[in-house]
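Structure, as structure tokens:
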Ligand code: FBP
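Residue numbers (the numbering used here): 4 to 551.
See below:
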């Protein structure tokens with residue numbers, strides 16, 4: 004296989020580990036924990052994994068040094084650093100005992116159910132150290148949530164003598180990891196389940212988890228591209244660039260990119276919801292800024308749009324909630340089957356309330372169709388398929404025509420559209436993600452050695468140098484509450500949305516008027532892997548502001 008010069012040089016990068024993980028460790032246990040909400044219900048659903056203590060690893064004589072076979076699964080969307088979680092886990096289990104083995108299940112959770120696996124040997128692992136992507140074993144979005152799947156899983160785990168399974172995924176996948184941990188514990192199957200916090204979306208974070216891996220690299224990649232566009236924009240001075248950024252639900256990616264690049268406009272879905280804005284309100288907000296800049300002679304600019312925006316517009320959110328209910332078959336809890344799209348849309352229109360029907364019919368046809376049709380396996384609307392950037396620029400152009408007729412706008416409006424998502428999900432991990440991920444994987448091996456199950460691997464204090472990072476584990480039940488999903492109440496990990504009273508958003512609000520009126524662009528340039536630490540080893544601005 005031909006490799007790029009960077010790939011060759013990067014292969015020999017030795018990710019940094021927290022000091023605590025460099026020697027033999029023991030678990031220091033804190034107080035029993037509670038779930039973030041619905042405590043009685045969660046305790047009842049997870050009798051074996053509820054209330055466990057938070058763990059911190061400290062130097063000490065390790066308990067288990069026996070060889071152990073471990074399985075690993077990559078679940079959901081790709082995020083930079085997944086290969087380093089696996090290489091950290093591999094090095095960790097081998098350091099416990101060189102006869103330990105690591106098996107990878109192919110193409111996500113489906114690999115466990117279908118008994119599709121491979122042993123990950125050092126030759127294979129070495130090919131993937133510090134690289135982006137999930138291609139070492141592939142990923143998938145199969146939901147692990149049914150007893151039959153758990154039972155199929157235990158067959159292969161027994162056959163391979165696997166005693167612990169590490170599931171690398173986002174909030175939904177870690178929720179399912181917890182359900183699996185509980186099931187195997189209740190059945191006394193002797194298989195531990197450990198989760199690792201992955202998602203570029205940055206919405207799997209809380210008091211215990213500082214950030215999900217991949218967020219850092221993905222945001223830096225998008226910010227490089229936005230910076231390049233802004234330089235072009237400020238050179239040609241003739242286009243407004245509408246840039247949609249991935250992040251299915253929360254706006255963390257858009258906000259972080261705004262902090263890095265200082266665009267003229269950045270929409271934050273959580274604020275749109277909080278202010279009860281309609282689609283028209285959002286359009287007027289953008290059009291007013293376009294007009295103000297035009298009055299200063301600046302017929303150009305940049306608008307960052309979070310992928311999930313549509314879902315946060317209150318009227319549309321209400322509509323989606325009802326769509327999710329009517330599209331679920333109450334008898335099975337599964338999505339209803341239709342022979343074609345037209346049949347599905349007709350069923351929707353005949354079964355939703357008149358309020359929601361009015362909202363649906365007020366939307367451009369392509370958006371309305373998308374909302375009624377595809378769901379991902381977790382029942383989420385596939386917002387990445389809705390072209391919000393084009394929808395908004397079309398509506399802004401119309402609004403500007405009206406404003407022109409009213410004498411409120413003098414200028415030219417010409418738009419370009421971009422959607423950045425897949426461009427960043429498999430980027431070579433930044434030093435931050437390379438180190439963080441390797442530490443998460445290595446740390447998972449220590450949770451396994453301590454016999455823990457139903458825990459997520461956590462690394463904290465990551466704004467400090469890696470030496471000072473704190474390693475440990477958090478019971479997954481601690482992050483759970485009950486939410487309505489697919490027409491049913493389910494225990495799930497609470498998603499972290501952008502907090503409007505949090506430091507990153509407050510910083511943005513304090514600067515956005517200046518960034519809108521003036522041209523204050525910042526050009527971050529590409530991720531640097533070698534060079535001065537202030538260039539190479541910085542975490543996200545979001546994390547810095549949150550921790551400061
Ligand atoms: P995860 O939550 O699984 O990490 O995936 C995140 C994400 O990248 C979202 O930002 C995006 O909406 C979605 O995946 C796209 O999914 P797909 O890869 O299936 O197109």
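All C-beta atoms, glycine included, are put in the ideal place defined by N, C-alpha and C.
From a predicted model like this one, the values you see are computed outputs, not experimental measurements.
Using DSSP's beta-bridge definition, name the partner residues of residue 243.
What you label residue 243 is simply residue 240 of the chain shown in a count that begins at 1. DSSP, once it has assigned bridges, lists 304, 418 as partnering residue 243.
Give the DSSP-derived three-state secondary structure of residue 223 in the structure shown.
Residue numbering aside, residue 223 sits at position 220 when the chain shown is read from its first letter. Reduced to three states, the DSSP call for residue 223 is helix.
Report yes if the C-beta of residue 204 is less than 6 Å from at least one heavy atom of ligand 1; otherwise report no.
One-based indexing of the chain shown puts residue 204 at position 201. Residue 204 Cβ: within cutoff of ligand 1.
Given a cut-off of 7 Å on the beta-carbon distance, is the pair residue 359 and residue 322 in contact?
The count along the chain shown starts at 1 and reaches residue 359 at position 356. The count along the chain shown starts at 1 and reaches residue 322 at position 319. Yes, the Cβ-Cβ distance between residue 359 and residue 322 is below 7 Å.
Excluding the 5 residues preceding and the 5 following residue 440 in the sequence, name in chain order all residues of the same chain whose CB lies nearer than 6 Å to its CB.
The residue labelled residue 440 in the question sits at position 437 within the chain shown. Excluding residues within five positions, the ones whose Cβ falls inside 6 Å are 84, 87, 88, 216.
Any heavy atom of ligand 2 inside 6 Å of the beta-carbon of residue 249?
The model on display carries ligand 1 but not ligand 2.
Which of helix, strand or coil does DSSP assign to residue 367?
By 1-based counting over the chain shown, the position of residue 367 is 364. DSSP places residue 367 in coil when its eight states are reduced to three.
Which one or two residues does DSSP pair with residue 12 in a beta bridge?
Taking the chain shown and counting its residues from 1, one reaches residue 12 at position 9. Per DSSP, none; premise fails for residue 12.
Taking 6 Å as the limit between beta carbons, can you name the residues of its chain near residue 107, skipping five residues before and five after?
In the chain shown, the residue the question calls residue 107 occupies position 104. Closer than 6 Å at the Cβ level, and outside the excluded window around residue 107, lie 75, 121, 123, 140.
With a cut-off of 8 Å on the beta carbons, I'd call residue 451 and residue 180 a contact; round off their distance for me.
Position 448 of the chain shown, counting from 1, holds the residue named residue 451. Position 177 of the chain shown, counting from 1, holds the residue named residue 180. Not quite, the Cβ-Cβ distance comes to about 13 Å (not below 8 Å), so this is no contact.
Looking at residue 199: is its Cβ nearer than 7 Å to the Cβ of residue 546?
As a working note, residue 199 is residue 196 in the chain shown. As a working note, residue 546 is residue 543 in the chain shown. Their beta carbons are not under 7 Å apart, which means residue 199 does not touch residue 546 by this criterion.
Ligand 1 and residue 80: does any heavy atom of the ligand fall closer than 6 Å to the residue's C-beta?
For this step, residue 80 is matched to residue 77 along the chain shown. Within the cutoff, so yes.
For residue 72 versus residue 165, is the C-beta spacing smaller than 7 Å?
As a position in the chain shown, residue 72 is number 69, starting the count at 1. As a position in the chain shown, residue 165 is number 162, starting the count at 1. It is a contact, given that the beta carbons lie within the stated cut-off.
Helix, strand or coil, according to DSSP, for residue 291 in the structure here?
On the chain shown, residue 291 is found 288 positions in, with the first residue counted as 1. In this structure, residue 291 counts as helix in the three-state DSSP scheme.
Taking 6 Å as the cut-off, is the CB of residue 173 close to at least one heavy atom of ligand 1?
Within the chain shown, the letter at position 170 stands for residue 173. Yes.
Considering only the alpha carbon of each residue, which of 81, 391, 524, 47 lies closest to residue 286?
Position 283 of the chain shown holds residue 286. Nearest C-alpha to residue 286: 391.
Just the Cα atoms here: how many angstroms apart are residue 447 and residue 460?
Counting from one through the chain shown, the residue named residue 447 turns up at place 444. Counting from one through the chain shown, the residue named residue 460 turns up at place 457. Taking the straight line from one Cα to the other gives about 5 Å.
Buried or exposed, going by whether 16 or more other CB atoms sit within 10 Å of the CB of residue 150?
The sequence position of residue 150 within the chain shown is 147, counting from 1. Classification for residue 150: exposed.
Cutting at 6 Å between CB atoms, please list the residues of its own chain near residue 398, excluding the five before and the five after it.
Counted from its first residue, the chain shown places residue 398 at position 395. Once the five neighbours on either side are set aside, the close Cβ partners of residue 398 are 286.
Answer with buried or exposed for residue 174, where buried requires no fewer than 16 other C-beta atoms within 10 angstroms of its C-beta.
The count along the chain shown starts at 1 and reaches residue 174 at position 171. It counts as buried.
Considering only DSSP beta bridges, list what residue 28 is partnered with.
For the purposes of this step, residue 28 is taken as residue 25 along the chain shown, with counting starting at 1. Answer by DSSP bridge pairing, in chain order: 62.
Beta strand (DSSP E) containing residue 106: first to last residue?
Here residue 106 corresponds to residue number 103 of the chain shown, with the count starting at 1. Per DSSP, residue 106 belongs to the beta strand (DSSP E) from 104-108.
Would you mind reading off the limits of the beta strand (DSSP E) that contains residue 120?
Residue mapping note: residue 120 aligns to position 117 of the chain shown, counting from 1. Run containing residue 120: 120-122, per the beta strand (DSSP E) assignment.
With DSSP as the reference, identify every bridge partner of residue 493, one or two as the case may be.
Against the chain shown, residue 493 aligns to sequence position 490. Residue 493 is bridged to 486.
I need the DSSP call for residue 322, collapsed to helix, strand or coil.
Counting from 1 along the chain shown, the entry for residue 322 is found at position 319. Here residue 322 sits in helix by DSSP.
Please classify residue 455 as buried or exposed, where buried requires at least 16 neighbouring CB atoms within 10 angstroms.
Position 452 of the chain shown, counted from the start, is the residue given in the question as residue 455. Residue 455 should be labelled buried.
Report the option in 513, 324, 496 whose CA atom is closest to the CA atom of residue 504.
Stepping through the chain shown from its first residue, residue 504 is reached at position 501. Cα-wise, what sits closest to residue 504 is 513.
Have a look at residue 204 and residue 270 and give me their C-alpha separation to the nearest angstrom.
Here the question's residue 204 lines up with position 201 in the chain shown. Here the question's residue 270 lines up with position 267 in the chain shown. Each residue's Cα considered, the two are about 16 Å apart.
How many angstroms separate the CA atom of residue 184 from the CA atom of residue 155?
The sequence position of residue 184 within the chain shown is 181, counting from 1. The sequence position of residue 155 within the chain shown is 152, counting from 1. So the alpha carbons of these two residues sit roughly 15 Å apart.
Per DSSP, which one or two residues make a beta bridge with residue 459?
Working through the chain shown from its first residue, we reach residue 459 at position 456. Paired residue(s): 198, 477.
Counting Cβ pairs closer than 8 Å, one from the stretch 318-338 and one from the stretch 283-303, do we hit at least three?
Contact between the stretch 318-338 and the stretch 283-303 is absent, because fewer than three Cβ pairs lie under 8 Å.
Is it true that the stretch 51-60 meets the stretch 400-413, where meeting means three or more beta-carbon pairs spaced less than 8 Å apart?
No, because fewer than three Cβ pairs between the stretch 51-60 and the stretch 400-413 fall closer than 8 Å, the two stretches do not touch.
For residue 522, which of helix, strand or coil comes out of DSSP?
As a first step, residue 522 is located in the chain shown; it is residue number 519 there, counting from the start. Three-state result, residue 522: coil.
At 4 residues or longer, and completely inside the stretch 110-159: list those alpha helix (DSSP H) runs for me, N to C.
Listed in chain order, the complete alpha helix (DSSP H) runs (minimum 4 residues) inside the stretch 110-159 are 112-116, 125-131.
Is it the case that the Cβ atoms of residue 276 and residue 315 are separated by a distance below 7 Å?
Counted from its first residue, the chain shown places residue 276 at position 273. Counted from its first residue, the chain shown places residue 315 at position 312. Yes; because the gap between Cβ atoms is below 7 Å, this pair is in contact.
Is the CB-CB distance between residue 307 and residue 257 below 7 Å?
On the chain shown, position 304 is the one that residue 307 refers to. On the chain shown, position 254 is the one that residue 257 refers to. Contact: yes.
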